[in-house]
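Data block below; observations after.
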Amino acid sequence: MIDSTRRGIVTAGIAGVALASTTGIASAAAKPKAGHYVFAPPAVISLPVVGETAAFPVRRIYCVGRNYAAHVRELNNNAEEPPFFFQKQRDMIVQNGGKVRYPELTSDFQYETELVVAMKSGAMDISAEQANQHIYGYAVGFDMTRRDRQADMKKMQKPWEIGKSFEDAAPCSAITSVAKTGYLSKGQIKLVVNDKTRQDSDLGDMIWNVAQIIAELSKQVEITAGDLIYTGTPEGVGPVVRGDRMVGTIDGLQTLIVEIV
Ligand code: MN
1 MIDSTRRGIV
11 TAGIAGVALA
21 STTGIASAAA
31 KPKAGHYVFA
41 PPAVISLPVV
51 GETAAFPVRR
61 IYCVGRNYAA
71 HVRELNNNAE
81 EPPFFFQKQR
91 DMIVQNGGKV
101 RYPELTSDFQ
111 YETELVVAMK
121 SGAMDISAEQ
131 ANQHIYGYAV
141 GFDMTRRDRQ
151 ADMKKMQKPW
161 EIGKSFEDAA
171 PCSAITSVAK
181 TGYLSKGQIK
191 LVVNDKTRQD
201 SDLGDMIWNV
211 AQIIAELSKQ
221 VEITAGDLIY
231 TGTPEGVGPV
241 VRGDRMVGTI
251 DGLQTLIVEI
261 V
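Take the sequence shown: its letters are residues 1 to 261, numbered as in this note's numbering.
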């Protein structure tokens, strides 16, 4: 038994060498040394956690499109569709109190204030009944948007990436753990820009609740610890300009404040 196993390994090894020598792979690729990179790897992106010294390391950022009926109507979309998703990159996060650089390629830079769900675990095909147990906590986020570029892409039936995914596109507050908040299904969500209220709604007005969003997203991708989900914005979206100060609040969570520069 042992002999035949060893023989198997030896045979595979010879075959591997023969393949490598004919294709040139053996000379091209040295075995990487653990901890050695051709340049410094990017830093871990994280968010603070309210009341903790340990931070929440961010993996992926997902965002839900069209999840409050009044906002769906204000952009002339159809509220009957199932939730759909797009992504931002974790290094697009702006920490609370930070500055958001007004981006290139737009003259209609808009805010969307959203509940952010922070995941501590996950899977594929999570049921709505099981979804909440994967939640670590919640934060306030701004899904910053180049509305003019998004509109162009919609017209051309092309992806929204240019409208949604760019430097500083994902400001986010510190995370408050579910142990402190309980599972959120209602509560005021509000945005004030330069002391004027721009958005004022309730989490209870979501078309798809958080558990349904997690279940739907996990049909397409494996949700894992560190994932953030921006759950869509209520009505009242609009533009900001350089010098504006945005203050986003959701009942029970840390207030998110950023300045546009
Ligand atoms: Mn959004």
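Just so it is clear, CB atoms sit at the ideal spot from N, CA and C, and this is done for glycine as well.
When the five nearest sequence neighbours on each side are left out, the beta carbons in the same chain lying within less than 8 Å of the beta carbon of S107 are those of D148, in order along the chain.
When the five nearest sequence neighbours on each side are left out, the beta carbons in the same chain lying within less than 8 Å of the beta carbon of T181 are those of G137, Y138, G252 and L253, in order along the chain. Any heavy atom of ligand 1 counts here; residues with a Cβ closer than 5 Å to one of them, in chain order, are E112, D143 and T233. DSSP, read as helix, strand or coil, puts I175 in strand.
With 16 or more other Cβ atoms from the protein chains shown falling within 10 Å of its own Cβ, D227 counts as buried. Counting along the chain, the unbroken beta strand (DSSP E) around K190 starts and ends at Q188 to V193. Distance from the CA of E52 to the CA of K158, rounded to the nearest whole angstrom, comes to 42 Å.
Take the alpha-carbon of M119 and the one of E259: they are about 27 Å apart. Spanning the alpha carbons of E81 and V38 requires a straight line of approximately 46 Å. Ranking K155, A40 and Y68 by CA distance to the CA of I213 puts Y68 first. H71 is the residue among A55, H71 and T249 whose C-alpha sits nearest the C-alpha of G236. Less than 8 Å separates the beta-carbon of T231 from that of E114. Note on the region 101-180: whole alpha helix (DSSP H) runs with a minimum of 4 residues are 128-131, 147-155 and 161-164, in chain order. Within its own chain, the residues whose Cβ lies closer than 6 Å to the Cβ of D168, once the five positions on either side in sequence are excluded, are V94, V100 and R101, listed in chain order. The three-state reading of DSSP puts G204 in helix, counting H, G and I together.
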